[in-house]
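Note that UniProt numbering numbers the sequence shown so that position 103 is 103, with each residue one more than the last. Think of the CB as a built atom: it goes at the ideal place given N, C-alpha and C, for glycine as much as any other residue. This one's a predicted model, so the numbers in the text were calculated from it and none came from an experiment.
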Amino acid sequence: MVDVLLILAQVGVYYGAMLALFRMRATLGIGTFFCALCALTFAETYLAMNVLVTVGGLTYSPGSVLLFAGKLPLLLLVYIREDAQTVRQPIYGLLIGNLLIVVLAVLITWQEPGGGGAIDEAMSAIASSAWLSAWGTFLLFVDCIAIILLYERISRHRRLPLFLRLWITVSLVLAADHVAFFTALNIYFGVPMSAGVGGMVGKLVSAGLYCAILWGYLRFTENGEAGDFSRPRLVDVFEVLTYRQRFEALEMASRIDVLTGARTRLAFTEEVPRYVQRALENGTSLGVLVVDLDRFKQVNDTYGHSAGDLALVFFVDVMTNAVDGTDLIYRVGGDEFAIILLGQKEGGTARVAEELQHAIREARMEEPPGSVSASIGWASLRGDGYTLKELVDVADRRLYEEKARCGIDLSHA
């Protein structure tokens, strides 16, 4: 029990300090986090070579199981919250710094020792650790690229929770690295196989623990912060990933209306035909609501465009609260919206339109104009058509019939 508490204390100190530095990167600079992360590299290698501990019958090295197993998730965190160009900085720094240490260590071993047997042993240890560091450096560079590419591939499965995406990615990379690195430890340094088994189990457990901490950090601390996309200067895998991130960010921005938060007309034309086709293939329900604000031009003319903007935001909030969380709201015109109802609705699409109309009538704004009104047309898949165009045409017809019934002048609607 004491050993477990000590391990948790080590993890707490390690990740508590590193995540605090990462959180303060806007104040201290990301370099502070990188320096602290890279400074632990020598300790990782030294502990992996010289220190083994036993907990619950499993023997492992703290350098590999605690420090190294925690480093890769931290680098992945940088990629997730910043971008590929930022995460390549510590990766290249570790690569160049470790290789520099190797070269200097080898040059030192070529000098004539002057202190007797103890010095000879120290020089031999330096030479041995230098070659191990070179191998570890190569593996680390491969690991860092692999963890990003693997995370990207796994993240295509959006239904996987974030924790599982993190843990699967980190576990696979750590397992492959462990086999390669421990083979060198076993062959050249005689580290027993029991340490290899314990190390593998320990790394997988550590991966789960570290990924759980990162999940909590991302979920409750890093809520919606954007990365800093600066101009890349090297053409490599990191620039390719950064470019893809930029492209996806721009593509996402083109699908979200900046003012209201509703999805855009572009998103409507690209996404909804797929939803219609999927509903037809799966035999599921789908409904379309076409919603048009009444006399919105008068709101702008009377109260100004700022009041009109507030009314639009308020209107979308009312619709969002009135429909299910799975339904999608699109702004397809200045004061025109479409809502896609996915799945079976109690009472059907017409009932949803009635409930939405009631919610709009009852809603009140604190600012002018105080309230809004809207006309709603609706259509149901199969009952009113089998294509998006057919559904929109029927919904539009019902909307204009509603406006005419309420005596709304269509030229100023």
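Can you tell me whether residue i is helix, strand or coil according to DSSP?
i	result
valine 394	helix
valine 55	strand
aspartate 257	coil
leucine 66	helix
leucine 160	coil
tyrosine 60	strand
glycine 199	helix
isoleucine 7	helix
glycine 308	helix
serine 230	Interpretation of serine 230 is limited by its pLDDT of 40, a score under 50 that renders its predicted location unreliable; the figure taken from the coordinates is listed afterwards. DSSP places serine 230 in coil when its eight states are reduced to three.
valine 370	The question names valine, yet the displayed sequence has glycine at residue 370. The answer is coil: DSSP assigns glycine 370 none of H, G, I, E or B.
glycine 216	helix
glycine 325	coil
glycine 385	strand
phenylalanine 365	The sequence shown places methionine at residue 365, not phenylalanine. It is coil, neither helix nor strand.
serine 155	coil
glutamate 112	coil
cysteine 211	helix
methionine 24	coil
cysteine 144	helix
Mind checking whether residue i and residue j have CB atoms under 8 Å apart?
i	j	result
leucine 132	alanine 184	yes
leucine 342	leucine 286	yes
glutamate 402	isoleucine 376	yes
alanine 395	alanine 379	yes
arginine 165	threonine 260	no
aspartate 177	leucine 139	yes
leucine 77	leucine 214	yes
isoleucine 91	phenylalanine 141	yes
glutamate 366	alanine 307	no
tyrosine 210	alanine 17	no
valine 372	leucine 293	yes
isoleucine 339	valine 291	yes
alanine 207	valine 170	yes
leucine 328	arginine 263	yes
glycine 97	phenylalanine 34	no
glycine 196	phenylalanine 182	yes
leucine 162	leucine 218	yes
Name the DSSP beta bridge partners of residue i, please?
i	result
leucine 341	Gly287
tyrosine 330	Arg263, Ala338
alanine 379	Val288
residue 429	For residue 429 there is no data in the structure shown, the boundaries of the chain being 1 and 413.
Hey, could you find the ends of the alpha helix (DSSP H) residue i is sitting in?
i	result
glutamine 357	348-362
cysteine 38	30-39
threonine 86	84-109
threonine 221	Counting along the chain, threonine 221 falls outside any alpha helix (DSSP H), and DSSP gives it neither H nor E.
valine 191	Valine 191 -> no alpha helix (DSSP H), and no H or E assigned at all.
Check whether chain D comes within 8 Å of residue i, counting only Cβ atoms and requiring the distance to be less than that.
i	result
arginine 88	In the displayed structure, chain D is absent; only one protein chain is listed.
Does the stretch 93-109 come within contact of the stretch 49-66, defined as at least 3 CB pairs closer than 8 Å?
-> No: fewer than three Cβ pairs fall under 8 Å.
Touch check for the stretch 331-345 and the stretch 283-301: three-plus C-beta pairs under 8 Å?
-> Judged by pairs of C-beta atoms under 8 Å, the stretch 331-345 touches the stretch 283-301, as three or more such pairs exist.
Does the count of Cβ pairs from the stretch 76-93 and the stretch 177-193 closer than 8 Å reach three?
-> Because the criterion of three Cβ pairs below 8 Å is not met, the stretch 76-93 and the stretch 177-193 do not touch.
Taking one C-beta from the stretch 49-58 and one from the stretch 10-17 each time, how about it: are there three or more such pairs within less than 8 Å?
-> Result no; under three Cβ-Cβ pairs closer than 8 Å.
Determine, using beta-carbon pairs with one atom in the stretch 67-76 and one in the stretch 140-150, whether at least three such pairs fall under 8 Å.
-> The stretch 140-150 and the stretch 67-76 touch, with three or more beta-carbon pairs separated by less than 8 Å.
If we count Cβ pairs, one from each stretch, closer than 8 Å, do we get three or more for the stretch 307-320 versus the stretch 381-390?
-> Output reads no: the stretch 381-390 does not touch the stretch 307-320.
Can at least three beta-carbon pairs, one atom from the stretch 268-280 and one from the stretch 350-366, be found at a separation below 8 Å?
-> A contact is defined here as three or more CB-CB pairs under 8 Å, and the stretch 268-280 fails this definition with respect to the stretch 350-366.
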